[in-house]
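Participant: Got a structure here, written out as structure tokens. Questions coming.
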Amino acid sequence: MTKQTESMSKHQESDAATTGGHALPEEHVVTPEADIYETPDGYVVSLDIPGAAKHSITVTVEKGNLNVMASVQPVHSEQASLVYREIRTTGYQRAFTLGEGIDTENIDARYSEGVLTVKLFKSEESKPREITIH
């Protein structure tokens with residue numbers, strides 16, 4: 009495992025300091041599960057964020073961290089009153105420490121069917137290259 013992969017594998021729960029002071033109410037925030045894959049060009053981080061609307065998801069890079077935050081609005085009907093509640097999630101928060109060698113100016117994020125996929129690209133300096141022998 010490379011040093012870069014080790015850095016990407018370690019995660020921290022996000023708090024107000026790492027999200028710019030915009031923390032969600034702690035009692036109902038869930039840390040989304042994630043898978044991280046390494047490709048020749050970078051890393052792909054997939055996070056399960058069911059119930060979040062695309063417009064409620066925020067992905068930021070700040071102080072060497074990739075921060076993900078999403079809000080979930082309860083589903084209710086104007087014509088029905090709530091009788092019983094088990095679904096208490098109001099949001100998701102997760103932070104990943106980025107190692108050196110990530111091009112923080114070139115990050116792609118997409119959300120589809122409850123899964124957020126973030127592509128982090130390696131900087132040109134960190135990619136392996138072959139040296140010509142003269």
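Counting the sequence shown from 1 gives a position; our numbering is that position plus 8.
Backbone N, C-alpha and C define an ideal beta-carbon position, used for all residues, glycine too.
To the nearest angstrom, report how far apart Thr-97 and Lys-130 are at their CA atoms.
Facilitator: Your numbering for residue 97 matches position 89 in the sequence shown. Your numbering for residue 130 matches position 122 in the sequence shown. Computed Cα separation, rounded: 34 Å.
Participant: For Arg-137, does the count of other Cβ atoms within 10 angstroms reach 16, so buried, or fall short, so exposed?
Facilitator: Here residue 137 corresponds to residue number 129 of the sequence shown, with the count starting at 1. Exposed, by the Cβ-count rule.
Participant: Spatial neighbours of Ala-61 within its chain, please: C-beta separation below 6 Å, excluding the five flanking residues on both sides.
Facilitator: Your numbering for residue 61 matches position 53 in the sequence shown. Result list for Ala-61: empty, nothing under 6 Å.
Participant: What is the DSSP secondary structure of Lys-135, reduced to helix, strand or coil?
Facilitator: By 1-based counting over the sequence shown, the position of residue 135 is 127. Three-state result, Lys-135: coil.
Participant: Can you give the Cα-Cα distance for Ile-141 and Val-126, rounded to whole angstroms?
Facilitator: Walking along the sequence shown from the start, residue 141 turns up at place 133. Walking along the sequence shown from the start, residue 126 turns up at place 118. Each residue's alpha carbon lies about 38 Å from the other.
Participant: Leaving out the 5 sequence neighbours to the left and right, which residues in its chain are closer than 6 Å to Tyr-45 when beta-carbon positions are compared?
Facilitator: In the sequence shown, counting from the first residue as 1, residue 45 sits at position 37. Taken in chain order, the residues that qualify are Val-52.
Participant: Would you kindly work out how many angstroms separate the C-alpha atoms of Tyr-144 and Glu-113, rounded to a whole number?
Facilitator: For residue 144 there is no data in the structure shown, the boundaries of the chain being 9 and 142.
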